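A quick write-up on the structure given underneath.
Residue numbers (this note's numbering), protein chains in the order written: chain W, 97 to 217; chain E, 182 to 350.
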């Protein structure tokens, strides 16, 4: 399983990456900015992307909307500490294989979001 | 400004809650360690609640706070909040007209330390007395006042007890 994790908070980036490695034996690539996320997205065929929204250069949402426009149907879990009521609709626009989770979230909530996007039609 | 600060504070909180819940899931039967981790989680969730409320108060001060009020049975609300705690409480059959999420946050400030909660009805108002609770910190007092004021109620402190009123349904 190849997973791309993006967050500009280094601790959150490390923690989520380690969870994906240990729980799913995933091969994880990390991105610390929206620009890095954009660069990595075309590297390979990802099985899952987990991305924060607010990051330097480009938001995770901008990158994922570009990915969808380019025809990449990769499942995505979008994390955010923002409380903007419009975010839910913006993530919904990424299709059924996308979920929004609000920070702070628990380990179980992260696993549930991953499970939901992996099993969505 | 406050929205930006709240966002930045939620990130480290996110690491604390995700990390401690991960450890709890892997810990097995280690009662003392479990208790410590659960305490970390409760404190982090409490901090999250304070952040949400501070954001509300900021909205209140700028005249942008929108309450979503409904009729709520106080007995039912306290049952959910107190869960397995043995805090004495009486509710006088009171039904309040208030914003559930915000009043739940207000009561959460007290439930861990209160010895007793007395609720009574009087002239269209429902009075809560939180008896012998731990003194409120400055931020807690500020947000508690803000929530109660937003509902048109009053909050005051006498000794170690907190009194506040909310509109009766």
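Note that CB positions come from ideal geometry on N, CA and C, so glycine has one too.
Predicted, not measured: the structure shown is a model, and the values here were computed from it.
Cβ contact annotation for residue 126(W) (same chain, cutoff 6 Å, sequence separation greater than five): 101, 109 and 113, in chain order.
Taking a cut-off of 8 Å on C-beta distances, the region 300 to 312 of chain E touches the region 339 to 347 of chain E, as three or more cross pairs fall below it. Residue 311(E) and residue 146(W) have their C-alpha atoms some 44 Å from each other.
Per DSSP, the continuous beta strand (DSSP E) segment holding residue 127(W) begins and ends at 123 to 127.
Less than 9 Å separates the beta-carbon of residue 176(W) from that of residue 150(W). Here residue 292(E) is actually not in contact with residue 336(E); their C-beta atoms are around 16 Å apart, not less than 8 Å. For residue 240(E), the closest of 318(E), 182(E) and 334(E) by C-alpha to C-alpha distance is 182(E). Residue 186(W) is positioned such that its CB atom lies no closer than 9 Å to that of residue 215(W). Closer than 8 Å at the C-beta level to chain E, one finds these residues of the region 179 to 191 of chain W: 179.
Chain E places no beta carbon closer than 9 Å to that of residue 170(W), leaving this residue out of the contacts.
Going by C-alpha positions, residue 275(E) is about 29 Å away from residue 228(E). The beta-carbon distance between residue 199(E) and residue 111(W), rounded to whole angstroms, is 6 Å. This is short enough to meet the 8 Å contact definition. Around the beta-carbon of residue 223(E), fewer than 16 other beta-carbon atoms lie within 10 Å, marking it exposed. DSSP, reduced to helix, strand and coil, places residue 151(W) outside both helices and strands of the structure shown, so it counts as coil.
Around the C-beta of residue 258(E), 16 or more other C-beta atoms lie within 10 Å, and the residue is accordingly described as buried. Taking 9 Å as the cut-off, the beta carbon of residue 248(E) is found closer than this to the beta carbon of residue 331(E). Assigned with DSSP and collapsed to three states, residue 108(W) falls in helix. If you draw a straight line from the Cα of residue 266(E) to the Cα of residue 316(E), it is about 20 Å long. For the 9 Å CB-CB criterion, residue 338(E) and residue 286(E) do not form a contact. Between residue 212(W) and the set 201(W), 204(W) and 195(W), the nearest pair of CA atoms involves 195(W). The beta carbon of residue 187(E) sits closer than 6 Å to those of 232 and 236, all from its chain and outside the five residues before and after it, given in chain order. Contact of residue 225(E) with chain W by beta-carbon distance below 7 Å involves 200.
Nearest CB-CB separation between residue 150(W) and chain E: below the 9 Å threshold. Sequence-distant Cβ neighbours of residue 129(W) in its own chain, meaning closer than 7 Å and more than five residues away, are 104, 151, 152 and 153.
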